[in-house]
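Colleague: Those protein sequences? They're chains A and B, same order as listed.
Position one of the first sequence corresponds to residue 0 (numbering that gives the first Met the number 0), numbered consecutively onward.
Position one of the second sequence corresponds to residue 0 (numbering that gives the first Met the number 0), numbered consecutively onward.
Sending over a structure as structure tokens; questions will come in a sec.
There are 2 protein chains.
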Amino acid sequence: MSQSKTKHEQLRLRSFDRSLPMSLLRAREAVMKKFIPSLQEHGLSTQQWRSIRALVQEDGLEISTLANRCHLLLPSMSRIIQNLEARDLIKRASVKADQRRNAIFLTDGGRELFKAIEPKSAERYEFITQQFGEDKLDQLYKLLQDLVISLEED
Amino acid sequence: MSQSKTKHEQLRLRSFDRSLPMSLLRAREAVMKKFIPSLQEHGLSTQQWRSIRALVQEDGLEISTLANRCHLLLPSMSRIIQNLEARDLIKRASVKADQRRNAIFLTDGGRELFKAIEPKSAERYEFITQQFGEDKLDQLYKLLQDLVISLEED
DNA sequence: ATATTATAGTTAACATGTTAAGTTAATTGC
DNA sequence: GCAATTAACTTAACATGTTAACTATAATAT
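Laid out in structure tokens, this is it:
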């Protein structure tokens, strides 16, 4: 932790730190660890929470749509749905016009859980914004989006 | 992909997109997917690759040290060591002065693999830098670091 | 010296990320 | 109208993230 470093070592470590995947991962972990303990109390992962939020905004979504909205891959969403369904937080109804499709709905329990968690979640987000600075946060979002775009265009 | 969206829908989606964990995850995935196919050819994850790079810079590190350098948790590093050891890319030697510790060394095969991958990896990193812009990349690194710091100080 | 505590590492258990393969139902093509 | 293809999931397999429990060794403390 507080071990002294030679100049040579500092340089080596700095160059090693310049890894985009790792920097992004560390930032994400820092956000998730410090600001989502209320989810943990209720046994929800951020992905599960995000799925529930998506359904609060629009109920009855299909699994693929939900996966897109939450930026999850279909297999991940498939497992999340099974998990939340087993905990009676959501229920599914097959779509009559297309038997392959499932519409996902929140149960009353799911809505209650949302109401229990949402205030704290919003409060924490507000705290991040204040702590880090609103402009810096905007800047970060923009840079991240730009990065994705510039990587996606070959 | 190109489905038209109502203004209301756009607003909802935008607000939903403002999730730091997800934005960070998406950016990381974009980086990893587009710029590390050479690792995949050799069956290496970015974490395994990072571990090898750390050992190239300094051989004989202990597992905990390696975990710190690579920003991985000890259990993850433990599994990675076992995996790379089974593939004869690294070997371990227990430290005489302290039987709990293991010093990790690259094998010749591990060094060869590094040499095979490194040029492409550096080239891709260079390409990211050009594509995205060096200043923006610097800015992004700085913001990410600031974010971690500001979250860690309670 | 021996009991307590701390450290290094492994294992376990569960959720997710990721790619590929499998299933069932709808669509297309001819 | 039937074969081939596509679409919506699901399942599988493997690596990682994460927390906790466990093992073995070392340090400490009285």
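Ideal placement from N, C-alpha and C gives every residue a C-beta, glycine not left out.
What you are looking at is a predicted structure, and each value in this text was computed from that prediction instead of being measured.
Taking just the CA atoms, how far does B/T128 sit from A/Q2?
Modeller: For A/Q2, the pLDDT reaches just 37, beneath the cut-off of 50, and the residue's location in the model is therefore unreliable, although a value from the coordinates is still provided. Whole-angstrom Cα-Cα distance: 32 Å.
Colleague: How would you label B/S93, buried or exposed, when you count the other beta carbons within 10 angstroms and need 16 or more for buried?
Modeller: When all chains shown are included, B/S93 counts as exposed.
Colleague: For the beta strand (DSSP E) that contains A/I89, what are its first and last residues?
Modeller: Counting along the chain, the beta strand (DSSP E) containing A/I89 begins and ends at I89 to S93.
Colleague: DSSP on B/M0, reduced to helix/strand/coil?
Modeller: Confidence in B/M0 is poor, its pLDDT being 33 and thus under 50, which makes the residue's placement unreliable; the coordinate value appears in the next sentence. Of the three classes helix, strand and coil, the one that applies to B/M0 here is coil, per DSSP.
Colleague: Based on Cα-Cα distance, which residue from B/E57, B/H70 and B/E40 lies nearest to B/K119?
Modeller: Here the closest residue by C-alpha is B/E40.
Colleague: Against chain B, which members of the segment 99 to 123 of chain A pass a CB distance test of less than 9 Å?
Modeller: Taking 9 Å as the Cβ-Cβ cut-off against chain B, none of the residues of the segment 99 to 123 of chain A qualify.
Colleague: For A/A85, report the span of its alpha helix (DSSP H) as first-last.
Modeller: Where A/A85 is concerned, the enclosing alpha helix (DSSP H) stretches over L73 to A85.
Colleague: Give me the chain B residues within the contact set of A/P20, using Cβ-Cβ distance strictly less than 7 Å, ordered along the chain.
Modeller: Correct list: R27, V30, M31 and T45.
Colleague: According to DSSP, which residues form a beta bridge with A/E40?
Modeller: BP columns for A/E40 are empty, so no partner.
Colleague: Among the candidates A/Y140, A/Q47 and A/T64, whose CA atom is the shortest distance from the CA of A/E84?
Modeller: Considering only alpha carbons, the answer is A/Q47.
Colleague: Which bits of chain A does B/E61 rub up against, with CB to CB less than 7 Å?
Modeller: Here the premise fails: no neighbours, minimum Cβ distance about 13 Å.
Colleague: For the segment 97 to 150 of chain A, which segments carrying the alpha helix (DSSP H) assignment without a break, of at least 4 residues, lie completely within its bounds, in sequence order?
Modeller: Runs of the alpha helix (DSSP H) inside the segment 97 to 150 of chain A: 107 to 131.
Colleague: Go to B/I51, then tell me how far its alpha helix (DSSP H) extends in each direction, as first and last residue.
Modeller: Run containing B/I51: T45 to Q56, per the alpha helix (DSSP H) assignment.
Colleague: What is the residue span of the alpha helix (DSSP H) that A/R17 lies within?
Modeller: Taken as a continuous stretch (DSSP letters only), A/R17 belongs to no alpha helix (DSSP H), as it is neither H nor E.
Colleague: Using a C-beta to C-beta distance shorter than 8 Å, which residues of chain B count as neighbours of A/H70?
Modeller: M21, L24 and R25, listed in chain order.
Colleague: So what does DSSP say about A/E152, is it helix, strand or coil?
Modeller: A/E152: coil per DSSP, three-state reduction.
Colleague: So, for A/K90: in the same chain, excluding its five sequence neighbours on each side, which residues have a beta-carbon less than 6 Å away from its beta-carbon?
Modeller: Excluding positions up to five away in sequence, the list reads F104 and T106.
Colleague: Along the segment 78 to 96 of chain B, where does the CB come closer than 8 Å to a CB of chain A? Name the residues.
Modeller: Of all residues in the segment 78 to 96 of chain B, none has a Cβ within less than 8 Å of some Cβ in chain A.
Colleague: Is the beta carbon of A/L150 sitting closer than 8 Å to the one on B/A29?
Modeller: In contact: A/L150 and B/A29 (Cβ atoms closer than 8 Å).
Colleague: Rounded to whole angstroms, what's the CA-CA distance from B/E8 to A/Q56? Just pull it up for me.
Modeller: Residue placement at B/E8 is poorly supported in this model, since its pLDDT is 49, which falls under 50; the coordinates are not used for a value here.
Colleague: On a CA-only basis, which of B/D137, B/L112 and B/L139 is nearest B/R52? Give me that one, please.
Modeller: It is B/L112.
Colleague: What does the alpha-carbon distance come out to for the pair B/E133 and A/P74?
Modeller: Rounded to whole angstroms, B/E133 to A/P74 spans 36 Å at the Cα level.
Colleague: Would you say A/G59 and A/L88 are within 8 Å of each other, going by their C-beta atoms?
Modeller: Going by C-beta atoms, A/G59 is not nearer than 8 Å to A/L88.
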